[in-house]
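In this text, residue positions in the sequence shown follow this note's numbering: the first is 11, and each later residue adds one.
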Amino acid sequence: MTSNTTTGGPLGLDPELLSILACPDTHHSPLTVDEAASELLCTTCDRAFPVRDGIPVLLLDEARRRGGGAGEGAGAGREHSA
C-alpha cells in the first residue's frame, strides 16, 4: 500500500517534517503553512515556496516574493552578469 498525500498534515505533509523544514536562504528561518495557496512561507525573508504534489520545493529560484512587490520574483538579489 502506498499513500502519497494522506499523512494528515497541512498540504499533505507530515507534521514532523514541517517542524524541521527551514528557509534555504542563509538565515534558515522557520516556515509557516499557507494551505489556501499551497505554499510554505518564510517568517523572515517573505518568500513563498510552492508545494507541488505534496512535495515542498525549497529552491530560492522557485520561490516568489510576497508583500506586494511588483515583478521582482524568485532569485531577486541573485543576479549574474556576463
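Ideal Cβ placement from N, Cα and C applies to all residues, glycine included.
Please name the residue in the options whose C-alpha comes closest to that of residue i.
i          : options           : result
residue 57 : 47, 41 and 74     : 74
residue 45 : 71, 72, 76 and 20 : 20
residue 26 : 67, 54 and 41     : 41
residue 47 : 66, 36 and 54     : 66
residue 68 : 34, 43, 29 and 28 : 34
Among the residues of its own chain, which have a CB less than 8 Å from the CB of residue i, if the five just before and after it don't count?
i          : result
residue 38 : 32
residue 89 : Only weak support exists for where residue 89 lies, its pLDDT of 41 falling under 50; the value from the coordinates is given anyway. No residues qualify anywhere along the chain.
residue 77 : 56
What does residue i pair with, by DSSP beta-bridge criteria?
i          : result
residue 49 : 44 and 60
Going by beta carbon distance, what residues of the same chain come within less than 7 Å of residue i, once the five residues before and after it are set aside?
i          : result
residue 49 : 58, 59, 60 and 61
residue 54 : 33, 37 and 39
Looking only at its own chain, which residues have a Cβ that is under 6 Å from the Cβ of residue i, when we skip the five neighbours before and after it?
i          : result
residue 12 : Reliability of the predicted coordinates at residue 12 is poor, the pLDDT of 43 falling under 50, and no value is obtained from them.
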